[in-house]
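To keep things clear, I will list the structure first and then write my remarks on it.
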Amino acid sequence: MELTPRGVPDFIAPNELVLPKPLDAGLNRAARTYWHPQPDVPWPARPAWILNTCADADDYARAIQLLDEAYPGTPIFNHPRAVMAARRDIAGLILKNIPGLEVPRCKRFRAAGPQSFAGCFNDGSFRFPVTMRRSTARNGLGQIVIADPPAMDGALLACGGAGRWHLMVQADGREASSGTTLRIVVVGRRGTVLLLRRGATDEPADQAALPPKELLQAVMKTAIERMPLDYWTMDVRVLGADQLRLVDVCPGLPIPARSDGLPHLREQALQLNRQLAPRLLALLAEPAQWRGEAQDLPSVAAYRELHGA
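With this note's numbering, you'll find the sequence shown wraps up at 319, consecutive numbering, no jumps.
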């Protein structure tokens, strides 16, 4: 919960799919919203279609597993199996070996204590430096860089969230010299590229830092083919004229909250969200066009058993 600029309380569900307001209002008139758990409200027996607004495999693990098991064969926008496949450690396996896209080593682990960080580092055959963040964090929030063994000792306190799932990612020195991050937002099978502003300042992004159009189109085409989400985002860092590096993958478009302290990124995301409204509306109106091949992926339960609950 946070206050709007007018002082009105605004409920925020973490990592919920954020749709443009006109679209959201229309859907609320056309369909009923269900929450999990909601034991006193029976779910419909045979819905014609379902719009899944759970946009994180860790925040909503039980909900997407229930949805996956309850409605086999039903068209589901952002199918729960695809949401699970977009979890950063799993997405790296799906998107690896795409020419022009470097996918850094990523390992997910539960932060049970200081030994968890060292254990993940050793088990994953990492080398310094590495980055670390909560698995449910977006837009770079809470990410820290661990440059050497002494810095590992304070990692638990720096990251916060003892007992929660975290991600360790192999860092690359080339990232420090490249301030160019691209946000690729996909609706259906079509991607839109947004050049993110630098940090939390109002400094304009450098259009000259964009990679060749042919490289970007080829990477996008293959990534879209492999990731069967209907609406999702892939952030990449530009390392050079022939190399992109995967930063993050998530269902929907991650829009920072006001309290996140990223006002310029928030405005960029809100503006893009409004621009995508016609495409989203057209796609939502045609359930037959949704990425039904997501149902061929392993079940959410199987993913959780194999990769951790």
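Here a beta-carbon is modelled for each residue, glycine too, at the ideal position from N, C-alpha and C.
Taking CB distances under 9 Å as the criterion, tell me whether PRO30 reaches chain C. Of the protein chains in this structure there is only one, and it is not chain C.
What residue from ILE154, MET162, ALA96 has the CA that sits closest to CYS130's CA? MET162
Taking PRO266 as the reference, which of PRO49, GLY201, GLY152 has the closest Cα? GLY152
With three or more beta-carbon pairs closer than 8 Å as the criterion, would you say the region 133 to 149 touches the region 76 to 96? no
Buried or exposed: ARG39, going by 16 or more other Cβ atoms within 10 Å of its Cβ? exposed
Classify ASP34: buried if its beta carbon has 16 or more other beta carbons within 10 angstroms, exposed otherwise. exposed
Starting from THR43, follow its DSSP beta bridges and name the residues at the other end. Paired residues: none, contrary to the question.
Cutoff 7 Å; reference MET230; Cβ partners in own chain excluding five residues on either side: ILE194, GLY201
For SER269 and ASP78, believed in contact at Cβ under 8 Å, the rounded distance: With 8 Å as the limit, ASP78 and SER269 do not qualify as a contact, their Cβ atoms being about 32 Å apart.
Between TYR81 and the rest of its own chain, which residues show a CB-CB distance below 8 Å, the 5 nearest in sequence each way excluded? PRO57, ILE60
Can you give the Cα-Cα distance for LEU177 and LEU76, rounded to whole angstroms? 25 Å
Candidates LEU280, MET237, GLY271, ASP252: closest to ARG97 by CA position: MET237
In chain order, which beta strand (DSSP E) runs of at least 3 residues are fully inside the region 83 to 157? 116 to 120, 140 to 144, 154 to 156
Count the other C-beta atoms from every protein chain shown that fall within 10 angstroms of the C-beta of LYS117, then say buried if there are 16 or more, exposed otherwise. buried
If I measure Cβ to Cβ from PRO221 and keep anything under 7 Å in the same chain, skipping five residues before and after, which residues do I get? VAL248, ALA251, LEU254
Endpoints, the alpha helix (DSSP H) within which PRO273 is located: 273 to 285
On the three-state DSSP scale, how would you describe LEU293? helix
From ASN62 to LEU192, what does the alpha carbon distance come to, in whole angstroms? 26 Å
Could you check whether PHE119 and ALA165 sit closer than 9 Å to each other, using their CB atoms as the reference points? no
Mind checking which residues open and close the alpha helix (DSSP H) that includes ILE234? 223 to 236
How about TRP242 and ASP68: do their beta carbons lie closer than 9 Å? no
Best match in LEU282, GLU303, ASP258, LEU290 for proximity to ILE100 [C-alpha to C-alpha]: ASP258
With DSSP as the reference, label TYR81 as helix, strand or coil. coil
Give me whichever residues DSSP pairs with MET244 in a beta bridge. ILE194, VAL259
Output the distance between the C-alpha atoms of HIS95 and PRO160, rounded to the nearest integer angstrom. As written in the sequence, residue 95 is Ala, which differs from the His given in the question. Distance between the alpha carbons of ALA95 and PRO160: 34 Å.
If distances are taken between C-alpha atoms only, which option among LEU103, ALA71, GLY173, ALA181 comes closest to ALA121? GLY173
Coil, strand or helix - ARG184 by DSSP: helix
On a Cα-Cα basis, can you pick out the residue from PRO54, ARG301, ALA304, VAL93 that is closest to ALA73? VAL93
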